[in-house]
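Please read the structure below before turning to the comments.
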DNA sequence: TGTCTCACTTGATTTCGATCAAAGTTGTGA
DNA sequence: TCACAACTTTGATCGAAATCAAGTGAGACA
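Residue numbers (the UniProt record's numbering), protein chains in the order written: chain A, 1 to 248; chain B, 1 to 248.
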């Protein structure tokens with residue numbers, strides 16, 4: 001999940017085709033080698049389900065490329081996204097062998113996987129990895145709680161602005177803005193997926209995006225390509241504190 | 001936070017006047033002794049703030065008695081509770097020295113505290129404690145995500161029923177029901193605190209509690225004392241799956 | 001080239017919960 | 001015993017987002 005700037009939810013997987021920090025800078029190289037030997041890749045098509053809630057899940061994984069969602073569903077079909085997995089995010093829970101959520105690829109998705117048993121064994125022998133995982137989990141918890149404030153108290157417009165700001169921020173750290181210093185990105189989610197994330201309906205998402213466009217807060221090219229002419233302006237719409245928050 | 005049956009968010013603190021499991025059953029006794037030497041107690045009155053978001057926080061703690069809330073507040077005063085601390089719950093984050101949320105006592109509250117630095121040192125030397133903390137944090141994350149579904153997708157009535165079910169379940173594990181096998185408990189929160197937890201207004205909370213009472217789902221004695229004549233009936237109102245969920 | 005589908009937009013109407021307002025209840029302390 | 005403060009309930013009205021209902025537009029494929 002990527003609701004904050006300082007998300008560090010990733011596991012090193014050696015030569016994965018993305019640049020990411022190591023599990024722990026202090027790890028010896030033979031530990032990294034162990035990780036290297038354990039890993040394997042899986043690829044999913046857009047729309048494909050990685051795993052269903054309740055299924056046996058005998059691996060943990062790190063997103064290499066693409067985007068996946070974690071969702072919970074009620075019997076009557078109401079669904080709520082509870083996490084968004086972007087490249088370098090981690091999924092899976094040591095000590096539990098059932099998936100707690102539906103995991104779905106929303107774009108073509110490559111994950112770097114580790115079978116759970118040997119991964120857990122290594123965690124036992126390598127305290128750094130466990131500590132790293134704790135740090136990552138605490139970041140996720142903060143992100144989840146930030147999202148609780150959004151779901152419980154923000155207006156539809158604030159919710160959309162917050163989501164756009166998060167995607168923009170996350171994206172900007174990769175390929176920084178365009179030539180005029182504007183932040184530019186493609187929405188990686190359908191209107192429906194956004195609605196499920198924000199606790200809204202897809203119609204409301206559509207209307208609010210149109211409203212932000214009409215008010216000049218964002219520019220839209222096609223349905224997915226977004227330009228933010230003034231990031232400050234967008235941040236004002238989120239309802240959040242202007243400063244970076246308490247996250248050090 | 002206590003949204004599930006299997007919450008294990010607590011740290012052993014020796015002779016605290018509550019029965020609770022050890023940090024880790026495998027810990028040697030001299031580790032427990034270390035914990036014992038490090039700990040100290042603090043007590044707060046109902047309504048008192050334990051710590052403000054952003055404040056320096058140089059301790060971690062476990063609730064011994066009473067109830068505390070974790071809340072986030074927007075500049076304009078909208079507030080969302082993001083966690084409820086019941087006896088045996090843990091608060092504080094190793095590796096961060098600022099509080100991320102306001103922590104407030106809603107009843108008279110006793111906490112068993114450990115100064116952060118020595119606690120972290122011990123964590124380094126005692127992998128079990130770190131692993132225990134990871135487990136606890138993952139439980140909290142699950143609880144937070146369960147709450148996201150509630151905030152994003154449930155109706156006011158379902159929200160109230162869910163909160164009552166959680167308190168009933170948690171309470172029932174301590175002092176099991178009354179003579180007729182009904183679940184009986186006292187609401188530990190004001191209507192306003194419930195509203196902040198559920199993303200509602202206090203008026204809506206009041207109305208929905210009245211409605212559940214009118215419909216015979218609960219009985220009320222005074223404003224706080226609740227009797228649940230038929231737990232199944234209450235669970236039906238929550239919108240959740242009837243089975244225990246995926247949490248093993 | 002057309003048509004089918006999927007994602008999205010927009011409009012009309014409804015509804016649930018928020019807001020505004022006024023009482024009722026309980027406990028505390030003078 | 002009274003007064004008042006804090007908490008709660010209930011009523012009337014409003015409004016934001018949901019729902020219901022047509023649409024548009026773009027890509028896929030026959």
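In this text, a Cβ means the ideal position worked out from N, Cα and C, and glycines have one as well.
When only Cα atoms are considered, residue 42 (chain B) and residue 142 (chain B) end up about 29 angstroms apart. Taking a cut-off of 8 angstroms on C-beta distances, the stretch 158-168 of chain A touches the stretch 222-239 of chain A, as three or more cross pairs fall below it. In the pairwise beta carbon analysis, the stretch 44-52 of chain A is classified as touching the stretch 96-105 of chain A: at least three pairs are separated by under 8 angstroms. Bounds of any alpha helix (DSSP H) do not take in residue 48 (chain A), whose DSSP letter is neither H nor E. Residue 61 (chain A) is bridged by DSSP to A:91, A:113. At a beta-carbon threshold of 9 angstroms, none of the residues of chain A lie near residue 92 (chain B); the nearest stands roughly 10 angstroms away. Counting only unbroken stretches of 3 or more residues, the beta strand (DSSP E) elements lying wholly within the UniProt domain "HTH crp-type" (154-232) of chain B are 183-186, 219-221, 225-228, in sequence order. Its chain contains 123 as the residues whose beta carbon lies nearer than 6 angstroms to that of residue 130 (chain B), once the 5 sequence neighbours on both sides are disregarded; these appear in chain order. Those residues of the stretch 49-75 of chain B placed with their C-beta closer than 8 angstroms to a C-beta in chain A are 53, 54, 70, 72, 74, 75, ordered along the chain. Residue 224 (chain A) places its beta carbon 7 angstroms or farther from that of residue 164 (chain A). Here the alpha carbon of residue 120 (chain A) sits roughly 6 angstroms from the alpha carbon of residue 94 (chain A). In the structure shown, residue 141 (chain B) adopts helical secondary structure according to DSSP, grouped into three states. The beta carbons of residue 65 (chain A) and residue 110 (chain A) sit about 5 angstroms from each other, so the pair counts as a contact at 8 angstroms. By the Cβ-count criterion, residue 97 (chain B) is exposed, with fewer than 16 other Cβ atoms from all chains shown falling within 10 Å of its own Cβ. Sorting B:232, B:238, B:196 by C-alpha distance to the C-alpha of residue 69 (chain B) places B:196 at the top. For residue 70 (chain A), the enclosing beta strand (DSSP E) has its first and last residue at 68-73. Taking the beta carbon of residue 80 (chain A) as reference, the chain B residues within 7 angstroms of it are 148, 149, 152, 153, listed in sequence order. Between the alpha carbons of residue 54 (chain A) and residue 92 (chain A) lies a distance of about 13 angstroms.
Under the Cβ distance rule, residue 126 (chain B) does not count among the residues neighbouring chain A, no pair being separated by less than 7 angstroms. DSSP places residue 85 (chain A) in the uninterrupted beta strand (DSSP E) bounded by 79-85.
Residue-level contact check: residue 189 (chain A) does not touch chain B, since none of the beta carbons of chain B fall below 7 angstroms from its beta carbon. Among the CB atoms of chain A, one or more fall inside 7 angstroms of the CB of residue 145 (chain B).
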